[in-house]
Every structure is written in C-alpha cells, then in structure tokens.
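A.B. asks:
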Amino acid sequence: MTRDRTPLLIGVILVALLAGGAFLPQWAMFMVTIAIARGLVALGLMLLLRAGLVSFGQALYYCLGAYAAGALGRFFGISDIFAQMLAGAAAAGVAAFILGFLLAKYRGIFFGLLSLALSMILYGLLVKNEALGSTDGFNILPSTLFGIRPGPDWVRYAVLAAAAVVALLLALAVNRYLNTPLGRLAPAIKDNEIRVEYMGASARHAVHVMYVIAAVLAGVGGALAATTVGHIDPDMAFWTTSGEFIFITILAGTGSVVAPFAGALLYGVIHTTAYDLSPNTWQLSLGAALLLIIVFLPEGLWSLFPQRRWR
Amino acid sequence: MNQLLSVGVDGVIYSAWLFTAALGLTLIYGVMKIVNVTHGSFYALGAYAGASITGAWLARGYPPMLSYAVLLGSALLVTLVVAPLIERAILRFMYAKDEVVILLITYALFLILEDVIKLVWGVNPYFIAEPYALLGSFSVAGLAYPTYNLILVALALVAGLGLAWILHSTRVGKLLLAVIHDPEISRAMGINVDRYYLVTFTFGSLLAALAGAYTAPTVSVVPGLGVEIIVLSFAVVVIGGLGSLPGAALGAVIVGVVRSLSVHYMPQVELFVIYFVMAMVLAFRPRGLFSLAEPRRI
Numbered sequence: 051m052t053r054d055r056t057p058l059l060i061g062v063i064l065v066a067l068l069a070g071g072a073f074l075p076q077w078a079m080f081m082v083t084i085a086i087a088r089g090l091v092a093l094g095l096m097l098l099l100r101a102g103l104v105s106f107g108q109a110l111y112y113c114l115g116a117y118a119a120g121a122l123g124r125f126f127g128i129s130d131i132f133a134q135m136l137a138g139a140a141a142a143g144v145a146a147f148i149l150g151f152l153l154a155k156y157r158g159i160f161f162g163l164l165s166l167a168l169s170m171i172l173y174g175l176l177v178k179n180e181a182l183g184s185t186d187g188f189n190i191l192p193s194t195l196f197g198i199r200p201g202p203d204w205v206r207y208a209v210l211a212a213a214a215v216v217a218l219l220l221a222l223a224v225n226r227y228l229n230t231p232l233g234r235l236a237p238a239i240k241d242n243e244i245r246v247e248y249m250g251a252s253a254r255h256a257v258h259v260m261y262v263i264a265a266v267l268a269g270v271g272g273a274l275a276a277t278t279v280g281h282i283d284p285d286m287a288f289w290t291t292s293g294e295f296i297f298i299t300i301l302a303g304t305g306s307v308v309a310p311f312a313g314a315l316l317y318g319v320i321h322t323t324a325y326d327l328s329p330n331t332w333q334l335s336l337g338a339a340l341l342l343i344i345v346f347l348p349e350g351l352w353s354l355f356p357q358r359r360w361r
Numbered sequence: 685m686n687q688l689l690s691v692g693v694d695g696v697i698y699s700a701w702l703f704t705a706a707l708g709l710t711l712i713y714g715v716m717k718i719v720n721v722t723h724g725s726f727y728a729l730g731a732y733a734g735a736s737i738t739g740a741w742l743a744r745g746y747p748p749m750l751s752y753a754v755l756l757g758s759a760l761l762v763t764l765v766v767a768p769l770i771e772r773a774i775l776r777f778m779y780a781k782d783e784v785v786i787l788l789i790t791y792a793l794f795l796i797l798e799d800v801i802k803l804v805w806g807v808n809p810y811f812i813a814e815p816y817a818l819l820g821s822f823s824v825a826g827l828a829y830p831t832y833n834l835i836l837v838a839l840a841l842v843a844g845l846g847l848a849w850i851l852h853s854t855r856v857g858k859l860l861l862a863v864i865h866d867p868e869i870s871r872a873m874g875i876n877v878d879r880y881y882l883v884t885f886t887f888g889s890l891l892a893a894l895a896g897a898y899t900a901p902t903v904s905v906v907p908g909l910g911v912e913i914i915v916l917s918f919a920v921v922v923i924g925g926l927g928s929l930p931g932a933a934l935g936a937v938i939v940g941v942v943r944s945l946s947v948h949y950m951p952q953v954e955l956f957v958i959y960f961v962m963a964m965v966l967a968f969r970p971r972g973l974f975s976l977a978e979p980r981r982i
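Respectively, the protein sequence lines represent chains A and B. For the first sequence, my numbering begins at 51 and goes up steadily by one. For the second sequence, my numbering begins at 685 and goes up steadily by one.
1. Report yes if the C-beta distance between residue 153 of chain A and residue 261 of chain A is below 8 Å; otherwise report no.
2. Does any CB atom of chain A fall closer than 8 Å to the CB of residue 891 of chain B?
3. So which residues of chain A does residue 922 of chain B contact, with C-beta pairs closer than 8 Å?
4. Going by other Cβ atoms of all chains shown within 10 Å of its Cβ, with 16 needed for buried, is residue 55 of chain A buried or exposed?
5. So which residues on chain A does residue 962 of chain B lean against when the C-beta distance must stay under 7 Å?
6. Helix, strand or coil for residue 821 of chain B? Go by DSSP, reduced to three states.
7. How many Å lie between residue 690 of chain B and residue 190 of chain A at the Cα?
8. Going by the DSSP bridge assignment, what does residue 861 of chain B pair with across the sheet?
9. Can you check whether the CB of residue 763 of chain B is closer than 8 Å to the CB of residue 718 of chain B?
10. Quick one: using the 10 Å Cβ neighbour count with 16 as the cut-off for buried, is residue 51 of chain A buried or exposed?
11. Could you tell me the alpha carbon to alpha carbon distance between residue 172 of chain A and residue 874 of chain B, rounded to whole angstroms?
12. Mind pulling the chain A residues with CB within less than 8 Å of residue 761 of chain B?
13. Spell out whether any CB of chain E is found under 8 Å from the CB atom of residue 104 of chain A.
14. Would you tell me roughly how many angstroms separate the C-alpha atoms of residue 252 of chain A and residue 800 of chain B, rounded to the nearest one?
15. Which bits of chain A does residue 858 of chain B rub up against, with CB to CB less than 9 Å?
16. Whole angstroms are fine: how far does the CA of residue 783 of chain B sit from the CA of residue 360 of chain A?
17. So residue 830 of chain B is in the beta strand (DSSP E); what residue range does that whole segment cover?
18. Establish whether the CB of residue 290 of chain A and some CB of chain B are separated by less than 8 Å.
19. Smallest Cα separation from residue 179 of chain A: which of A:98, A:278 and A:283?
20. Quick one: complete alpha helix (DSSP H) runs, 4+ long, within the region 863 to 935 of chain B?
21. Measuring straight from C-alpha to C-alpha, what distance separates residue 925 of chain B and residue 838 of chain B?
22. On the criterion of 16 or more Cβ atoms from any shown chain inside 10 Å, does residue 833 of chain B qualify as buried, or is it exposed?
23. Would residue 105 of chain A pass as a contact of residue 90 of chain A if the rule is Cβ separation under 8 Å?
24. Which one or two residues does DSSP pair with residue 195 of chain A in a beta bridge?
25. Out of curiosity, what's the CA-to-CA distance linking residue 941 of chain B and residue 176 of chain A?
26. Please compile the residues from chain B whose C-beta is within a distance smaller than 7 Å of the C-beta of residue 365 of chain A.
27. Keeping to the same chain, check which residues put their C-beta closer than 7 Å to that of residue 737 of chain B; ignore five residues upstream and five downstream.
28. Using the C-alpha atoms, what's the distance from residue 165 of chain A back to residue 968 of chain B?
29. Roughly how far, in whole angstroms, is the beta-carbon of residue 727 of chain B from the beta-carbon of residue 896 of chain B, given that I think they are within contact range, below 8 Å?
30. Just to make sure I have the definition right: I need the residues of chain A whose C-beta is within less than 8 Å of the C-beta of residue 956 of chain B. Which are they?
31. For residue 332 of chain A, I'd like the list of residues in its chain whose CB is within less than 7 Å of its CB, leaving aside the five on either flank, ordered along the chain.
32. For the putative contact between residue 299 of chain A and residue 92 of chain A, defined by C-beta atoms under 8 Å, what is the C-beta separation to the nearest angstrom?
33. Going along chain A in order, which residues have a C-beta closer than 9 Å to the C-beta of residue 719 of chain B?
34. Name the one or two DSSP bridge partners that residue 282 of chain A has.
35. I think residue 962 of chain B touches residue 892 of chain B, with their Cβ atoms under 8 Å apart; what is that distance to the nearest whole Å?
36. Expressed to the nearest angstrom, what Euclidean distance is found between the alpha-carbon atoms of residue 817 of chain B and residue 830 of chain B?
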C-alpha cells in the first residue's frame, strides 16, 4: 500500500487558498467559500455513501447549523465566525447524536425517507416560526474574527481564509478517521452487514458515529454558508437542498476527502454558468449530468452497490 | 360542532386529493420496487397539460361542460407521450440496480423534466378557473364548498376502487400480482414482465397526471408544483406502507384529517404535523401501517 498523500494535498490546497485567495475577485471568493461550505456537507454525505447510505435529509443539519449561527447573532449579538461554526457544529452534533439512535438501524430507502421526513419537520417548524422570520428567514450580522471586524474589502477574504483553515483541518481529521478500524467498517457494511456483525463489530455503532460526524460537518457548512451569504431562510432545510448535496456527493465520488470540495466547486461553476446562459435549463443540465455519471461512471464516481440487486 | 363538521368535509376533500396524487407512487413501488421521484413531474405535467389545453378549449368557446373530459384527455395525452418514453429509453435498463440508485436516477429525471416543463410551457402561471366555478357550490353547516371538490372525491374513489378491482378480479391483475411476487418465475411461466412494467409505470404516472390535471382549475399552475407534491406523496405512501393500496388510502386519510385539524385549530403546525406523523410511523413501523413482515436479506 502506498503512502497516503492526502495530507500533503490538503496542505498544498490550504497554502494556495490562503495565498491566492487574496488576489481573487470578490465574486470568486464568494464562490469558493460557498463551495467549501457545500463541500463540508458533501464530505459528510460521502462518509454515509461509503456505507451505502444515501441521506435525503442532510439539509436538516445544514439548516440547523445555519440557524444556530444566526441565533448567536440575533439573540446574543455574537458574530465571530469561529463561534458561529462551533455553534453550528454543536447544534447539528447534538441533534444527530439523539436522532442517530433511531436512524442507525435504517438502511436503503428507509434511511433516505426517514432522514427526508426529519428535515421536512424542521422545514415545517421554521416556516411557521415568526420569532425566526418564518419563510423570509433573517439576516446575519457581518462576520468578525476574534473580535476584529475586517473592513468591507477584506471581509470576504477573511471569511474565505477562516473557512479554508477550518474545512481543511476537518478534512484532515476525516481522512484520519477513514483509516481507523471504525472508518474502515463503512465499505464492509455496504458489502455485507451480517458478516460485519459476525466479525464482532457493531454496524449500528459504526453508522451512528458516521452519522454524527456527517451532521457536524453539515452544521459547520451551514454556519459558514449563513455567514457568507448573510441571510438564512427555511429553504435551507427543504428537500431540494438535500438533493443538491447528494448531487455534489455523487459528482465527486468517494475516492478522497478532497473530492467533495472539488465537486462542490464544480457544482458552483456549473450552476453559475448554466444559470447565466439559460436560466430555464440549468436543472436539465444538472439532471443529465447526474444521470450520465450514475450510468457511465459507476466505478469512478459511483462505486456504490456494484453488485446485482437481490430480490 | 359546526367547526368539527367543516374539519370533516375539508379532511375528506384533502384526503381524496392526496390519495389520487399518491396512488400511482405506491403502485409503481409495489410492482417495480422503484421509489419514483418523477411522480412529481407527472403531476406537474398533468397540471400544465390540463390548464393549457382546457384553457385553449374554453377560449375557443367550446362547451364548458365538456372541459372535465378535456382535463381527462389532456392528462392521458401527456402521460402516453412521456411515460413510455422514460420507461423504454431509460428506466428499463436500470432495473438491475439497487433501489437507492434507481431513486437517484428518477431524481435526475425529475430535474430534467422540471426544465422540460419550463421549456414547453414557459414560466408564467396558467389559470383556468371556469371548470371550478361552473358547477356552483353546496353548503355544509353554513359554509359553502365548490361542487367541483366532489369531482376530486369521485376521482379518488374511481381510481382506488378501479385499481383494487383490476388487481383482484381480472386476469391482468392476477398476473400482475404474480409479477409482484416473483418477476423471474413469472417470466419463466411466460408472462411478459417487461410489458407489465411498462404498463404499470404508465398507469401509475397517469394517476399522477390525472391528479395534476384535476387540481389545475383550483390553483394557479406555476413551476415548482412537482417539488411540493412529491414529498407530500412520499409522506402519504410511507405512512400507509410503500407498495400497499389500502395503505395509501389510510395514509391519505390520516394526512388529510391531521392537516384539516391543524388548519382549523393550530395553523402554525400545519406542515410540521404531516412530516411528524411520517417520521413517527417510520420510527415505529418502518414499513408502514399496512405492511407485511419481510424476510431479512443476506
């Protein structure tokens, strides 16, 4: 087995983002930061996908993270970006820990449908909650870093830099996790769960851990997206948001922890250009791309479920 | 008391509408084991076809009473064009894949169809209020309801009872039950399983399109119709049990009554309760209220 080069790659990307980020135009900084936020969510989905689980409700944690970050500013006047990400991670992590006891038992479409139901519950609650702005959501205070408020020209770069550091540290941690016995159980659970149990490992425990990690990543991503966009609304929990994350995850494949970020950036680029070129057909191109990847690149980008279906 | 009565009437109307919208989803899952996200697209296709064709019919001054038949015809037309195309050109090559993968494929097709609809019909809303207003209204406990709602109830009854009759009392239905039970043995016994899949997919999609077409007069037909209905249909069929016909009826009644109760007594929890019930059912009876035990797969 060759040495894992992923940490090196992550280091190079981090240096490139920190050094090169300052020279990007404002819109590109925005795009990269959003890609990092979405990439974090997709990274979590990738973990689940390795175990053969597709969550149609990851927007639950994305939205929870965003609202936790927003609540921090709205009710406590805190706008520190690291505090926001921490709040997002904590809110999502606690929720996932509790819900995980239930979800860790589910597989296949039932995992997808239950996670969908849970995210729609949050959507239903937020839409009717006037303290949190109902369908309109609310605006987020401009971000600060350690009590310093960057000038208007620098705030995008500051957010980008903070996002890059946190996201790549998390990616590094996930990469470590993938090489632990617990992390390596995931593909085994996908292949044959009963054998996993016969080996003495608990598939349920492994899935629960995975689920919490995925939620924490989504929570951080949500907080990051909230502070970058400056506005949050209940649509962040709607099922179409989950669909976008699934799209990114499948586009990227499960090859490396860097892949989801690349996938998210690619998604952002496709989204922006396709939307500019023809606003009424960008979903069509996304759908066609998704279809082609699933059908023609099952090994590279989609290595899930290579076996035939048993009935 | 009066309020309870109107809760009941609203509940029946909403349940009937939900049942028609969700019935095809459970049929397709029951026969083909496909969680079909394109179901929402067919609902939207039916609504657009119904609104535009019926709109043209009325604009030409043809008899408005026949517009109900035109709604039916437009749903048939659009489904017979699109559904066999999707099944033959794409889905039939995917049956060997895992359920989750097929779910993603139908999601991709859903995205494509969303934009196809925008390309064909544009993004401006369509209104056809005439069929809705034409029949007048009836009143229950002092509240007036458009008589058109009775058509929705009748549609649900015809669709549900008709499907039950086909499944249990006709040769085709009994062969279909065999296909559901074991597609491979059925094939070996000489049943044309591929044709059954094609017909099932088309018929299931037709039910969605019908629901869409007959909803069109009651709403403004705008992009995003399919996005809303598909999660609601999932909730209905999951509560009753994926693939179960009485289950879909039970799910529709539960969701319909629960929503009607919350609209009248606690409007702020309207959306929340529907998905809360769905999550609770999944938590305690993952295969739905009407479900049979399934052997553990190895």
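Just so it is clear, CB atoms sit at the ideal spot from N, CA and C, and this is done for glycine as well.
C.D. replies: Straight from the coordinates:
1. yes
2. no
3. 163 and 167
4. Residue environment for residue 55 of chain A: exposed (fewer than 16 other C-beta atoms within 10 angstroms of its C-beta).
5. 167
6. Here residue 821 of chain B carries a strand assignment [DSSP, helix/strand/coil].
7. Going by the C-alpha atoms only, they are around 42 Å apart.
8. DSSP, once it has assigned bridges, lists no residue as partnering residue 861 of chain B.
9. no
10. The pLDDT assigned to residue 51 of chain A is 45, lower than 50, so where the model puts this residue is not dependable, and the model offers no usable value.
11. 49 Å
12. Under a criterion of Cβ atoms nearer than 8 Å, no residue of chain A is adjacent to residue 761 of chain B; the nearest Cβ is some 22 Å distant.
13. Annotation note: the requested chain E is absent from the structure, which comprises protein chains A and B.
14. Distance between the alpha carbons of residue 252 of chain A and residue 800 of chain B is about 46 Å.
15. Within chain A, no C-beta atom comes nearer than 9 Å to that of residue 858 of chain B; the closest sits roughly 20 Å away.
16. At residue 360 of chain A the pLDDT is 37, less than 50, meaning the model places this residue with poor confidence and gives no usable figure here.
17. 827 to 830
18. yes
19. A:283
20. DSSP runs (the alpha helix (DSSP H)) wholly in the region 863 to 935 of chain B: 867 to 872, 877 to 899 and 909 to 924.
21. 23 Å
22. buried
23. no
24. A:198
25. 22 Å
26. Here chain A covers residues 51 to 361 and nothing more, so residue 365 of chain A does not appear.
27. 754 and 758
28. 15 Å
29. 4 Å
30. 171, 174, 175 and 178
31. So the list reads 321, 324 and 325, once near-sequence residues are dropped.
32. 5 Å
33. 159, 162 and 163
34. A:188
35. That belief does not hold up - the Cβ atoms of residue 962 of chain B and residue 892 of chain B are roughly 19 Å apart, past 8 Å.
36. C-alpha separation (whole angstroms): 7 Å.
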